[in-house]
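Residue numbering for the sequence shown follows the working numbering, starting at 15 and increasing by one per position.
No residue lacks a Cβ here, since even glycine has one placed at the ideal position from N, Cα and C.
Working notes for the structure below.
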Amino acid sequence: MNVLQIPINENLYSKIKEFSEKENISIESFASLAIEEKIEYYSESEYFLKRFKNKTKDDFRRALLKVPSVEPPEYDKL
């Protein structure tokens with residue numbers, strides 16, 4: 015495992031500490047999870063940008079027509 019040292023301002027550190035305590039995990043684990051989530055977000059964004067780069071609004075509308083018009087199950091209602 016590698017170690018990453020980064021400067022963090024006091025306000026951000028306090029928030030990281032607060033949330034890591036709420037989640038009952040170490041500050042290091044909390045920061046590692048946050049970085050992992052951000053990397054996953056960027057990876058997924060890149061995937062969708064590549065996949066749908068040449069699509070049009072009409073392509074999107076055609077895709078929506080394939081979605082059934084039904085009530086959501088009870089567990090999925092807002």
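Three-state secondary structure assigned by DSSP to Ile41: On the sequence shown, position 27 is the one that residue 41 refers to. Three-state DSSP puts Ile41 in a helix.
For Ile41 and Ile30, which I take to be in contact (beta-carbon distance under 8 Å), what is that distance rounded to the nearest angstrom? By 1-based counting over the sequence shown, the position of residue 41 is 27. By 1-based counting over the sequence shown, the position of residue 30 is 16. That belief holds up - the Cβ atoms of Ile41 and Ile30 are roughly 6 Å apart, short of 8 Å.
With respect to the alpha helix (DSSP H) encompassing Leu92, which residues constitute its N-terminal and C-terminal limits? The residue you call residue 92 lines up with position 78 of the sequence shown. Unbroken run through Leu92: none, as it is neither H nor E.
Quick one: what does DSSP say Glu85 is sitting in, helix, strand or coil? Here the question's residue 85 lines up with position 71 in the sequence shown. Here Glu85 sits in coil by DSSP.
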